[in-house]
Amino acid sequence: DAGVIQSPRHEVTEMGQEVTLRCKPISGHNSLFWYRQTMMRGLELLIYFNNNVPIDDSGMPEDRFSAKMPNASFSTLKIQPSEPRDSAVYFCASSWGTGENGYTFGSGTRLTVV
Amino acid sequence: DAKTTQPTSMDCAEGRAANLPCNHSTISGNEYVYWYRQIHSQGPQYIIHGLKNNETNEMASLIITEDRKSSTLILPHATLRDTAVYYCIVRPRDDKIIFGKGTRLHILP
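Protein chains in written order, with this note's numbering: chain A, 15 to 128; chain B, 191 to 299.
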């Protein structure tokens, strides 16, 4: 089991550019979560999906952020246009059901917007 | 609103038991206690969870008080690799996980 796979590991982009972060959940897991981590705000839940359907996107900061899950094995988090304040580590996690037995997190994508 | 209160940081000598406390005085009857940890530059890692009984797995033990208002995570023989931020979370089993600030545990050689 390769675990939750995120790409890229690091992304540096200029302000105003579009950024797409990718996540492959663990095979068989049917829930997927996107978190963002900064020093100031800690770990924040942005959005989560169950069976490829967005269930709660109340944590998405603004319309510049969007997330999709076109199938059970792939999800994207897109920021358009990016801003310096979006710089953070973005984590994807997956679980079976609602994660009663825990979530499995990926290694994260470190995004720097300059 | 934080549902849990944890010390900001703790130290523990290598080889000794690390006991991490967590207060959750407003816990509801259907809420479980979960523990995760985050080693530097890695994603959070699930450790253990419980409702009211004490739990043990290969990583740690979880002791929950009878009134369920507090709990302790025990790492029986701490190693340098256990240096991490430890998060105590209370949630119904079918609800999302919201992380607080956690406890930064330093294992001292």
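Note that the Cβ used here is the ideal one computed from N, Cα and C, for glycine as well.
Check	Outcome
G205/B classed as buried or exposed, judged by whether at least 16 other C-beta atoms fall within 10 angstroms	exposed
CB contact check: V18/A to chain B, cutoff 9 Å	yes
Nearest neighbour of Y277/B, chosen from T216/B, C202/B, W225/B, A203/B [CA to CA]	W225/B
Contact test: T198/B Cβ vs the ligand COA heavy atom, cutoff 8 Å	Looking at this structure, you won't find the ligand COA or any other ligand, since it has none at all.
N- and C-terminal bounds of the beta strand (DSSP E) containing L263/B	260 to 265
Proximity of A124/A and H24/A at Cβ, strictly below 9 Å	First, the amino acid is wrong: residue 124/A is Arg here, not Ala. Their beta carbons are under 9 Å apart, which means R124/A touches H24/A by this criterion.
When L298/B, K259/B, A268/B are compared against S215/B, the one with the closest alpha-carbon	K259/B
Partner residues on chain A for I288/B, Cβ-Cβ distance less than 8 Å	L59
CA nearest to the CA of A107/A, picked from V26/A, K82/A, G122/A	G122/A
Sequence-distant residues of its chain with Cβ nearer than 8 Å to V33/A (five each side left out)	E25, T27, K92, I93, Q94, S96, D100, L125, V127
F105/A - partner residues in DSSP beta bridges	Y49/A
Burial state of D77/A, where buried means 16 or more other Cβ atoms lie within 10 Å	exposed
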